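Numbering (this note's numbering), first residue to last: -19 to 70.
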């Protein structure tokens, strides 16, 4: 399996993980506390480490850019969930 295929598979796993979580109708509290699985975090950490130590191939760079977009979306959702939790409850 090529590096590109592996990266696409890893990316698909992360997309599915995030989609499954949000499809489960989580509460605002659960959204605020959401984290990727340890395995997904490790994949991203490995790419970040490779970026620091040896540089990335174009495929790795594209995967890291996509992971960054996913992370930004999740962070935006978490900020909104925290804001909802801080609103006075009726």
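Ideal placement from N, C-alpha and C gives every residue a C-beta, glycine not left out. Predicted, not measured: the structure shown is a model, and the values here were computed from it.
{"Item": "For residue 39 and residue -13, what's the separation of their Cα atoms in angstroms?", "Value": "8 Å"}
{"Item": "If we call anything under 8 Å between Cβ atoms a contact, is residue 30 one with residue 36?", "Value": "yes"}
{"Item": "Specify the secondary structure class of residue 68 as computed by DSSP and reduced to three states.", "Value": "coil"}
{"Item": "For residue 14, does the three-state DSSP call read helix, strand or coil?", "Value": "coil"}
{"Item": "Answer with buried or exposed for residue 47, where buried requires no fewer than 16 other C-beta atoms within 10 angstroms of its C-beta.", "Value": "buried"}
{"Item": "For residue -16, which residues from the same chain have a beta carbon less than 8 Å from its beta carbon, with the 5 sequence-adjacent residues on both sides left out?", "Value": "39"}
{"Item": "Tell me the DSSP secondary structure of residue 6 in three-state form.", "Value": "coil"}
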